[in-house]
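Q: Below are the structure tokens for one structure; questions will follow.
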Amino acid sequence: MEILFPVTELSPYAKVGGLADVAAALPKALRQLGHAVTLVLPHYPGLDEHGLLLARRLSPLNVTIGDKTHAIAVYSTRLSSQVDAVFLDAPGLLDRPGVYGDASGDYPDNAERFALFSKAVASLALEWAETGKRVDIVHCHDWPTSLVPFFVKEAFASKPELTAPKTVLTVHNAAYQGQFEKTLLPQLGIDWKEFSVDGIEFYDKINFLKFGILRADAVTTVSETYAREIQVPPLGHSLEGVFKQRKNALTGIVNGVDYAVWNPAVDPHLVARYDAEDVTNKGRCKGALQNELQLPFDPAAPLIAFVGRLVPQKGADLIAEALPKLLRSTEAQFVFIGEGSDDMVSALAAAVAKSHGRAVFVRGAQEVLAHRVFAAADFVLVPSRFEPCGLVQLYGQRYGALPIVHATGGLADTVIDCDAQLETGTGFTFDEPTADALVGAVQRAVAGRSLVRWNALVRRVMRLDRGWERPARRYERIYLREPLN
Ligand code: ADP
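Under the numbering used here, the first residue of the sequence shown is numbered 59, with each subsequent residue one higher.
See the structure below:
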């Protein structure tokens with residue numbers, strides 16, 4: 059199949075969260091199954107700094123919205139994964155750093171930016187079809203590309219002699235919906251007749267995600283549990299009725315891990331590599347990190363890590379609240395990496411300041427450090443209040459850092475609580491997103507480390523196969539399936 063893959067993040071070029079990792083890995087896995095995938099992204103600044111050689115097409119793609127026609131520059135390249143990528147540029151609009159915004163918040167014209175991008179994707183698909191290049195599937199992701207299914211249908215409706223591609227929308231997080239004032243509608247290139255309960259309207263506002271869920275031929279989300287959770291409050295974030303309406307077309311597929319990138323056996327960022335057959339070097343990674351972050355050098359101290367966005371969803375405030383108790387009741391050391399709102403950053407920093415050097419907080423996007431932290435850690439903590447899929451627990455498992463998670467969404471689907479003898483299970487779970495429940499699970503996990511079966515457990519978890527082949531095959535089945543209501 060020929061698959062067009064419009065998305066707004068791509069690791070390592072433009073990464074905000076897990077979407078970037080998925081955009082890099084899923085197309086690669088689909089390619090390995092024999093499909094041709096072309097990623098389509100905004101032309102972010104700095105792509106060439108990463109060594110990408112881009113070819114600029116001579117003729118622009120003309121996209122009309124309202125009474126304005128934009129000449130969209132089209133760049134193309136082939137990524138090192140051998141996946142093709144196209145970058146679209148509307149000067150001043152798409153080529154901005156930070157994907158969705160900068161330090162002062164989201165860009166105020168994101169509705170226009172991503173509507174233009176989405177319409178350009180539809181124009182590209184139509185242009186390809188007109189020139190005899192088949193497009194079977196357009197696979198969109200999250201609210202910024204949620205208008206693509208509508209624009210694709212609209213574009214192909216004007217050319218009935220061409221076969222319209224099937225559209226798939228993957229919801230990576232239902233909390234981000236792209237809601238805007240209705241007065242913007244004409245600037246998005248959408249007719250007022252679409253502003254209805256069966257269309258883009260949502261409580262008298264525009265809602266990108268809702269429109270995508272209704273217009274896509276198939277909708278997926280990133281775990282089976284989350285697919286159920288979003289059909290009821292509160293995790294549908296008011297779109298539960300819309301998800302329910304499309305429940306026959308809605309499938310949950312847990313994300314995979316790209317073991318070419320997240321794998322202690324080949325990871326170039328580690329001082330020493332290791333795998334499930336020989337874990338000895340993991341101790342060296344721990345010593346090196348303790349040294350790098352000026353933690354007490356102590357191979358025996360359990361090292362517990364958190365890597366994630368500092369937003370209420372991720373429960374970083376629960377960690378700040380629990381930290382004094384965790385320090386008192388265990389010998390553990392803590393490493394936190396994250397970026398986020400000022401209040402969450404200062405809450406975490408304040409708790410860390412009182413740890414007498416046993417906890418470290420590194421603020422910011424620290425991609426390379428994250429690899430070293432997973433390798434050094436005995437545990438990764440993922441206390442998310444809700445979690446569509448979550449990648450950190452999957453990375454932790456491969457690096458032998460056992461996940462301690464709130465059993466919700468994808469965390470519940472990928473972490474099975476260990477029994478008291480550590481004979482079964484793949485991590486430690488707790489049922490309520492509270493500081494007390496978190497402390498209880500950490501104490502249980504840390505106690506498990508002194509049991510004889512501990513090393514066997516770590517090795518068993520490191521051997522779990524969470525690669526992308528299986529999820530990619532499930533997406534393939536969705537692509538092939540007849541559209542469902
Ligand atoms: P989400 O997409 O909701 O942010 P995921 O767990 O799906 O959460 O993916 C998060 C990804 O972002 C992981 O690859 C994680 O390692 C990475 N990450 C998050 N925050 C940081 C940070 N401050 N520095 C480096 N990597 C980070």
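Idealized CB from N, CA, C, for every residue including glycine. Just so you know, these numbers come straight off a predicted model, no measurement behind them.
Compute every distance between the C-beta of residue 447 and the non-hydrogen atoms of the ligand ADP, then say whether any falls below 7 Å.
A: The sequence position of residue 447 within the sequence shown is 389, counting from 1. Yes - the ligand ADP has a heavy atom lying nearer than 7 Å to the Cβ of residue 447.
Q: Rounded to whole angstroms, what's the CA-CA distance from residue 507 to residue 408? Just pull it up for me.
A: Counted from its first residue, the sequence shown places residue 507 at position 449. Counted from its first residue, the sequence shown places residue 408 at position 350. Near 29 Å, if we compare the C-alpha coordinates of residue 408 and residue 507.
Q: Please say whether residue 108 and residue 152 have beta carbons closer to each other than 8 Å?
A: Position 94 of the sequence shown, counted from the first residue, corresponds to residue 152. Position 50 of the sequence shown, counted from the first residue, corresponds to residue 108. No, the pair does not count as a contact, with Cβ atoms beyond the cut-off.
Q: Name the one or two DSSP bridge partners that residue 360 has.
A: For the purposes of this step, residue 360 is taken as the residue at position 302 of the sequence shown. In the DSSP output, where bridge partners are listed per residue, residue 360 has none listed.
Q: Got a sec: does the ligand ADP put a non-hydrogen atom nearer than 7 Å to the Cβ of residue 422?
A: The residue labelled residue 422 in the question sits at position 364 within the sequence shown. Indeed, a heavy atom of the ligand ADP lies less than 7 Å from the Cβ.
Q: How about residue 128 and residue 174: are their beta carbons less than 8 Å apart?
A: Position 70 of the sequence shown, counting from 1, holds the residue named residue 128. Position 116 of the sequence shown, counting from 1, holds the residue named residue 174. Contact: yes.
Q: In the DSSP output, which residue or residues are listed as bridge partners for residue 439?
A: On the sequence shown, residue 439 is found 381 positions in, with the first residue counted as 1. In the DSSP output, where bridge partners are listed per residue, residue 439 has 462.
Q: Are the region 345-362 and the region 109-129 touching by the rule of at least three beta carbon pairs closer than 8 Å?
A: Not touching, per the Cβ criterion.
Q: What residues in its chain sit with their C-beta under 6 Å from that of residue 134, if we drop five residues either side in the sequence?
A: As a working mapping, residue 134 is identified with position 76 in the sequence shown. Same-chain partners within the cutoff: 113, 144.
Q: Take residue 504 and list the residues in its own chain whose beta-carbon comes closer than 7 Å to its own, dropping the five residues that flank it on each side.
A: Taking the sequence shown and counting its residues from 1, the one referred to as residue 504 is at position 446. Excluding residues within five positions, the ones whose Cβ falls inside 7 Å are 360, 388, 390.
Q: Can you name the start and end residues of the alpha helix (DSSP H) that residue 353 belongs to?
A: Here the question's residue 353 lines up with position 295 in the sequence shown. Neither: residue 353 is in no alpha helix (DSSP H) and is coded neither H nor E.
Q: Using only CA atoms, which one of 331, 244, 229, 252 lies nearest to residue 297?
A: Here residue 297 is taken as the residue at index 239 of the sequence shown, counted from 1. Taking only the C-alpha atoms, the option nearest residue 297 is 229.
Q: Out of 378, 386, 71, 93, which has the shortest C-alpha to C-alpha gap to residue 61?
A: For the purposes of this step, residue 61 is taken as the residue at position 3 of the sequence shown. Comparing Cα positions, the closest option is 93.
Q: Pick from 535, 521, 528, 130: whose alpha carbon is nearest that of residue 334?
A: Residue mapping note: residue 334 aligns to position 276 of the sequence shown, counting from 1. Checking every option, the nearest Cα to that of residue 334 belongs to 521.
Q: Which residue marks the beginning of the alpha helix (DSSP H) containing residue 506, and which one marks its end?
A: Here residue 506 is taken as the residue at index 448 of the sequence shown, counted from 1. Taken as a continuous stretch (DSSP letters only), the alpha helix (DSSP H) holding residue 506 covers 493-506.
Q: Since residue 265 is in the beta strand (DSSP E), which residue starts that stretch and which ends it?
A: Here residue 265 refers to the residue found at position 207 of the sequence shown. That run of the beta strand (DSSP E) goes 263-265.
Q: Does the Cβ-Cβ distance between residue 245 and residue 170 come in under 8 Å?
A: Residue mapping note: residue 245 aligns to position 187 of the sequence shown, counting from 1. Residue mapping note: residue 170 aligns to position 112 of the sequence shown, counting from 1. Closer than 8 Å, so yes.
Q: Count the other C-beta atoms from every protein chain shown that fall within 10 angstroms of the C-beta of residue 219, then say buried if there are 16 or more, exposed otherwise.
A: Position 161 of the sequence shown, counting from 1, holds the residue named residue 219. Burial call: exposed.
Q: Report all residues from its chain with a CB closer than 8 Å to the CB of residue 382; omit the five preceding and five following residues, and keep chain order.
A: One-based indexing of the sequence shown puts residue 382 at position 324. If we look at residue 382 and ignore the five residues flanking it on each side, its Cβ neighbours are 409, 412.
Q: For the beta strand (DSSP E) containing residue 490, list its first residue and its last residue.
A: Translated into the one-based positions of the sequence shown, residue 490 becomes position 432. Run containing residue 490: none; DSSP gives neither H nor E here.
Q: Would you kindly work out how many angstroms separate the C-alpha atoms of residue 172 and residue 121, rounded to a whole number?
A: For the purposes of this step, residue 172 is taken as residue 114 along the sequence shown, with counting starting at 1. For the purposes of this step, residue 121 is taken as residue 63 along the sequence shown, with counting starting at 1. In a straight line, the C-alpha of residue 172 is about 13 Å away from that of residue 121.
Q: Which partner residues of residue 122 appear in the DSSP bridge assignment?
A: As a first step, residue 122 must be located in the sequence shown, where it is residue number 64. Answer by DSSP bridge pairing, in chain order: 127.
Q: At a threshold of 7 Å, does residue 443 count as lining the ligand ADP (C-beta to nearest heavy atom)?
A: In the sequence shown, the residue the question calls residue 443 occupies position 385. Checking every heavy atom of the ligand ADP against the Cβ of residue 443, none is found closer than 7 Å.
Q: Considering just the uninterrupted stretch of the alpha helix (DSSP H) at residue 302, what are its terminal residues?
A: The residue labelled residue 302 in the question sits at position 244 within the sequence shown. Residue 302 -> alpha helix (DSSP H) spans 298-303.
Q: Tell me which same chain residues have a C-beta within less than 6 Å of the C-beta of residue 529, skipping the five on either side of it?
A: Within the sequence shown, residue 529 is the residue found at index 471, counting from 1. Contacts found: 311, 314.
Q: In the DSSP assignment, find the unbroken alpha helix (DSSP H) run with residue 101 in it and report its ends.
A: Residue 101 sits at position 43 when you count from the first residue of the sequence shown. Looking at the DSSP string, residue 101 is not in any alpha helix (DSSP H), and its letter there is neither H nor E.
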